[in-house]
Amino acid sequence: MIPFSPPRIDQKIVDEVVDTLHSGWITTGPKTKRFENLLTAYGGHKVTLCVSSASAGLELMLRWYGVKEGDEVIVPAYTYAATANVVVHCGAKVVFVDADDDFNISVEAIEKAITPRTKVIIPVDIAGWPCDYDAINALVRRPEIQEHFCPLTKEQHLLNRILVLSDAAHSIGGQYHEKKVGNLTDITVYSFHAVKNLTTAEGGAVCLNLPEPFDHDAIYRELNAKSLHGQTKDALAKTQIGGWRYDIIEPGYKYNMTDIQASIGLVEIARYDSDMLVRRKQIFDKYAGAFAKYDWAQIPEYENDEKKSSFHVFLLRINGINEQQRDQVIQEIFNREVAVNVHFVPLPMMTYYCNEGYDILDFPVAYDNFSREISLPVYYDLTDEMVDTVVNAVVESVLKVVYYTSK
Ligand SMILES: *Cc1c(COP(=O)(O)O)cnc(C)c1O
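Here our numbering is used: the first residue of the sequence shown is 1324, the next is one more, and so on.
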């Protein structure tokens, strides 16, 4: 069986983790801080805070911006549940909007969904393909939109417009106009979950890139405390002589990253551009080349003059099939010992969101993208021979199902 997305664990990673285990310091400490600095240098944003997951990072930033009951947050219908669930946790209303043909949130649909209650937009770079950030950033600064913004908290007054909080769970290393994901908008959150491009087993990072006059060092200190129960000193600082006394300045969260996690990240970030992204792009090119000769195959865009993907997963669509046929194709592919996936079942189709009154009929592009989509495996250890096996399994399966059902 060709697995869908195993992590890359080699001796270098094992050695770095073992080094941490032997160091006497396994929770948040020097390696987490070093990883944060490397991520800041990598993304080109201003400051990074590592956290326990992207979900934790997104929720932390919604709380930081003061999002609460009565507020609205715009979220794509086509994403993983984390993007919307964190909004529900804050008591705010999720406002889903439809996708474009490239799977990402439709900027036109965002514009129609904005109300005076809108506090945040959470675009998602699906499969690593950056959203149209020039258009989104321009939209929230448009005078007639900005003047309807109703700031309630200190942070909302300072920004005085809708916050753009990018869910970059898939897209570390993606580029837009030569700039990396991380400094494309106000705040960006990476995920380092086991299946993501750059993993720390579980983990995430908040990339701060706010405009003047926000003080990034002050916000880092505030978020650092907020991610550790509002404690004024972290565990490492408390080990210093005379450092035992601390205060709790607010009822914060427990969202910190450990040095064990950071040690995996330190190895990965050092070779991410030169090694990981190179291999991922080769696999994308190989899939694109192999499927180009079939008119039933719709190949995703992953590189153009403006944007470059992080090559997270290959979102193949099959032209002219429906959801049931797509499911049959997936079954046939599994029968050929290849694991594939679907990214994503749109959230308005999920029981919780259905029960909340959302209806997939309101998101026709998201549904169409979903109904014809099959995610193909992309990972460092996927060899050229394995890519050929995946391609053959897909081709045979599509031909079998389409031939069978059209007879
Ligand atoms: C994986 C994922 C997340 C959540 O990441 P965690 O680090 O597991 O919390 C959020 N958004 C999207 C689009 C994802 O795919």
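For each residue, glycine too, the CB sits at the ideal point set by N, CA and C.
All values reported here derive from a predicted model rather than from experimental measurement.
Alpha carbon of residue i to alpha carbon of residue j, nearest angstrom
i: D1425; j: R1640; result: 11 Å
i: H1666; j: Y1569; result: 45 Å
i: P1353; j: L1362; result: 14 Å
i: G1389; j: T1406; result: 17 Å
i: Y1456; j: V1410; result: 21 Å
i: I1336; j: Y1365; result: 19 Å
i: K1356; j: C1373; result: 8 Å
i: A1379; j: P1671; result: 22 Å
i: P1747; j: I1653; result: Nothing can be reported for residue 1747: it is not among the residues displayed for the chain, which extend from 1324 to 1730.
i: Y1401; j: T1562; result: 46 Å
i: W1387; j: Y1403; result: 22 Å
i: Y1265; j: T1350; result: Because the chain is modelled from 1324 through 1730, residue 1265 falls outside the range shown and cannot be assessed.
i: V1515; j: A1491; result: The residue you asked about is not Val; residue 1515 is Phe in the sequence shown. Rounded to the nearest angstrom, the two C-alpha atoms are 10 Å apart.
i: R1331; j: V1710; result: 17 Å
i: H1345; j: F1358; result: 19 Å
i: P1466; j: L1482; result: 14 Å
i: T1276; j: C1677; result: Examination of residue 1276 is not possible in this model, given that the chain is present from 1324 through 1730 alone.
i: G1505; j: F1419; result: 23 Å
i: I1397; j: Q1554; result: 32 Å
i: S1698; j: W1348; result: 39 Å
i: A1541; j: E1573; result: 16 Å
i: V1529; j: L1722; result: 44 Å
Three-state secondary structure (DSSP) of residue i
i: D1342; result: helix
i: P1326; result: coil
i: A1585; result: helix
i: I1697; result: strand
i: E1467; result: helix
i: V1601; result: helix
i: F1614; result: helix
i: F1515; result: coil
i: C1373; result: strand
i: V1504; result: coil
i: L1705; result: coil
i: D1711; result: helix
i: D1509; result: coil
i: E1626; result: strand
i: V1661; result: strand
i: V1447; result: strand
i: K1730; result: Low confidence applies to K1730: its pLDDT is 47, below 50, so where it sits in the model is not reliable, and the reading given next is rough at best. Correct three-state label for K1730: coil.
Residue interval of the alpha helix (DSSP H) (run including residue i)
i: F1426; result: That residue, F1426, is in no alpha helix (DSSP H); it is neither H nor E in DSSP.
i: C1530; result: C1530 -> not in any alpha helix (DSSP H); beta strand (DSSP E) instead, spanning 1527-1531.
i: D1685; result: First-last for D1685: undefined, no H or E at that position.
i: Y1576; result: Per DSSP, Y1576 belongs to no alpha helix (DSSP H) and is neither H nor E.
i: N1520; result: Run containing N1520: none; DSSP gives neither H nor E here.
i: A1404; result: 1404-1412
i: A1548; result: 1539-1549
i: H1480; result: 1477-1482
Continuous beta strand (DSSP E) stretch holding residue i: start and end
i: E1395; result: 1395-1399
i: K1442; result: 1441-1444
i: F1637; result: 1637-1641
i: D1490; result: 1486-1491
Integer Cβ distance of residue i from residue j, believed to fall under 8 Å
i: S1720; j: R1659; result: 7 Å
i: T1343; j: D1582; result: 5 Å
i: K1556; j: Y1576; result: Actually they are not in contact, since the Cβ atoms of K1556 and Y1576 sit about 16 Å apart, beyond 8 Å.
i: Y1610; j: V1714; result: 7 Å
Chain B within 8 Å of residue i, Cβ atoms only
i: K1335; result: Of the protein chains in the structure, only one exists, and it is not chain B.
| Okay, do the region 1514-1529 and the region 1579-1591 touch, 3+ Cβ pairs below 8 Å being the bar? | yes
| field | Segment contact flag, the region 1610-1626 with the region 1705-1718, C-beta cutoff 8 Å, min 3 pairs | value | By the Cβ test, the region 1610-1626 is in contact with the region 1705-1718, since at least three Cβ pairs between them sit closer than 8 Å.
| said: Using 8 Å as the cut-off, can you tell me whether the region 1458-1475 makes contact with the region 1429-1445, which would need three or more C-beta pairs spanning the two stretches below that distance? | reply: Judged by Cβ distances under 8 Å, the region 1458-1475 makes contact with the region 1429-1445, as three or more pairs qualify.
| When the Cβ atoms of the region 1601-1610 are set against those of the region 1630-1638, are three or more pairs found closer than 8 Å? | yes
| query | Does the region 1462-1470 come close enough to the region 1433-1452 that 3 or more CB-CB pairs lie under 8 Å? | reply | yes
| query | Below 8 Å, can you find three or more Cβ-Cβ pairs linking the region 1673-1681 to the region 1486-1494? | reply | Remark: fewer than three beta-carbon pairs, one from each stretch, lie closer than 8 Å, so the region 1673-1681 and the region 1486-1494 are not flagged as touching.
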